[in-house]
Structure formats: structure tokens, C-alpha cells
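Here full-length UniProt numbering is used: the first residue of the sequence shown is 1, the next is one more, and so on.
Contents: one structure, followed by commentary.
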Amino acid sequence: MASGNSRRFNGNKLLYEIDNKPMYLHTVDKLIDLKKSNENVDEIIFVTKYDKIIDNLKNKDIKVVKNNNSEFGISQSIKLGVSNSSNNTYMFIVCDQPYIKKETIDKFINQFVKSKKNLGCVSNNDILLNPTIFTSKYKQKLLNLSGDKGGKKIILENLNDLFTFKILSEKEVIDIDFKYQL
């Protein structure tokens, strides 16, 4: 998901270059690689409000959905992702976590599938973080979200159905909101 407003960053953080690559592309490229190597990844849907990002992704093996209503909050991006998916399981990953490793995402997905749970979330120091996974059991609840409320509410209401994947590296799950975090 890449529809935020980057107010705290003082500019569009998703286009900010890290190692000569826009921040959002770090996540996109990892997911495209995973789609080639992980049988549990068969569709990538990228939701954004930014035309420049949409143009840059035209030749990538992903489905891009424009979020024309990002002012309604994160719930709008979630709804667009779910309603444009043909799958029964949805992973939500933000594009301002450029340091998360492809191998970490891969292990999270594979261990979630083995867990037989319907919700998945990574954690660091017992704090629930992105990325998250929801099966179709929670599809309607995702579609009913509103405002700037994401899927965490659903997760907290259903902890008995949650698979938690612990990530030891804080750097991997840092959500970049300020330039000093880079």
C-alpha cells in the first residue's frame, strides 16, 4: 500500500531514494521476486494515489489500482486491494518499510500457511506490526473498515486466530516517517 500523505516526512517519502532506488521500489521488487519463487504468492496488487508511481510500475508484473479517495484513510486502500483481488488470502505490506528482507517476508508467508490460522502479523518486542495477512474469513470485516483504521482492529478482536511471526531486527520493521530514520 502506498497512498499515505507523507506529512511528517516533508515530501513524498515513497519517491525518496535509498541506495539509488525510490523507497517504494524496495518493497515492490522484493514482492516481484517472491512471486517468482514462492508458490503462495500469485498476485500482487499495488494501491497508490500517486500518478508518478503508477507510471513507473506500468512495466512491472503487478496490478496497480489508483486510490482516488486516500483522504478517507488507510481503510480505502485496504478495500481497493481486497475488492481487486481474485484470491482468498490477502497480505498487506506498506512501502515505507524498505529494510524488511525478502527472506523475512518469504518465511512469514510460508509459516503463516503452515499455521492454519486466518490472521497473520509480524511482531517485534511483542508489538504487532506490518506486514499482515488475512484469509477470506475476514474479507467482509476488511471491506467494512472505515476512516484511518486498518486491519489491526480486526486482529486485536481475534487474537485466538492470529499467527505471530517474530522479527528480531528492529531495522527490518521500522516504518519510515521522518528523514532522520534513514
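Beta carbons: idealized from backbone N, C-alpha and C, even for Gly.
**OP:** Please specify which runs of the beta strand (DSSP E), each continuous and at least 3 residues long, are wholly inside the UniProt domain "MobA-like NTP transferase" (2-156), giving them in chain order.
**Re:** 45-48, 63-66, 89-92, 119-124 and 127-135
Original post:
Who does Phe-163 pair with in a DSSP beta bridge?
Top reply: Stepping through the sequence shown from its first residue, residue 163 is reached at position 163. Paired residue(s): Gly-120.
Subject >> Nearest-angstrom beta carbon gap, Lys-63 and Glu-43 [assumed within contact, 8 angstroms] >> reply: Along the sequence shown, read from residue 1 onward, the residue named residue 43 stands at position 43. Along the sequence shown, read from residue 1 onward, the residue named residue 63 stands at position 63. Yes, Glu-43 and Lys-63 are in contact; Cβ-Cβ is about 7 angstroms, under 8 angstroms.
Original post:
From which residue to which residue does the alpha helix (DSSP H) around Lys-171 run?
Top reply: Counted from its first residue, the sequence shown places residue 171 at position 171. Segment 170-173, the alpha helix (DSSP H) holding Lys-171.
Subject >> Sub-7 angstroms separation of Asn-40 and Ile-109 beta-carbons >> reply: Within the sequence shown, numbered from 1, the residue matching residue 40 stands at position 40. Within the sequence shown, numbered from 1, the residue matching residue 109 stands at position 109. Closer than 7 angstroms, so yes.
Subject >> Residue from Val-47, Ile-93, Ser-136 and Ile-154 with nearest C-alpha to Ser-86 >> reply: Reading the sequence shown from its first residue, position 86 is the one you call residue 86. The candidate whose alpha carbon is nearest that of Ser-86 is Ser-136.
Subject >> Buried or exposed by the 16-neighbour rule on C-beta atoms within 10 Å, applied to Ile-127 >> reply: One-based indexing of the sequence shown puts residue 127 at position 127. Exposed, by the Cβ-count rule.
Original post:
Any chance the region 76-85 sits against the region 143-153, with 3 or more Cβ pairs inside 8 angstroms?
Top reply: yes
Original post:
Cα separation between Ile-18 and Lys-141?
Top reply: The sequence position of residue 18 within the sequence shown is 18, counting from 1. The sequence position of residue 141 within the sequence shown is 141, counting from 1. If you take the alpha carbons of Ile-18 and Lys-141, they lie about 35 angstroms apart.
Original post:
So is Gln-111 buried or exposed if we call it buried at 16+ other beta carbons inside 10 Å?
Top reply: Taking the sequence shown and counting its residues from 1, the one referred to as residue 111 is at position 111. The residue in question, Gln-111, is exposed, as its Cβ has fewer than 16 Cβ neighbours within 10 Å.
Original post:
What's the call for Asn-130, buried or exposed, on a 16-neighbour Cβ count within 10 Å?
Top reply: Here residue 130 corresponds to residue number 130 of the sequence shown, with the count starting at 1. Buried, because 16 or more other Cβ atoms sit within 10 Å of the Cβ of Asn-130.
Original post:
In its own chain, which residues sit with a C-beta less than 7 angstroms from the C-beta of Tyr-99, not counting the 5 before and 5 after it?
Top reply: Your numbering for residue 99 matches position 99 in the sequence shown. Answer for Tyr-99: Lys-171, Glu-172 and Ile-174, listed in chain order.
Original post:
Roughly how many whole angstroms lie between the Cα atoms of Ser-70 and Met-91?
Top reply: For the purposes of this step, residue 70 is taken as residue 70 along the sequence shown, with counting starting at 1. For the purposes of this step, residue 91 is taken as residue 91 along the sequence shown, with counting starting at 1. Each residue's alpha carbon lies about 19 angstroms from the other.
**OP:** Determine the burial state of Phe-46: buried for a count of at least 16 other Cβ atoms within 10 Å of its Cβ, exposed for fewer.
**Re:** Taking the first residue of the sequence shown as 1, we reach residue 46 at position 46. Result: buried.
**OP:** Would you decide whether Gly-11 is buried or exposed? Buried here means 16 or more other CB atoms lie within 10 Å of its CB.
**Re:** Mapped onto the sequence shown, residue 11 falls at position 11. Exposed.
Subject >> Euclidean distance between Cα positions of Lys-66 and Lys-139 >> reply: Taking the sequence shown and counting its residues from 1, one reaches residue 66 at position 66. Taking the sequence shown and counting its residues from 1, one reaches residue 139 at position 139. Computed Cα separation, rounded: 20 angstroms.
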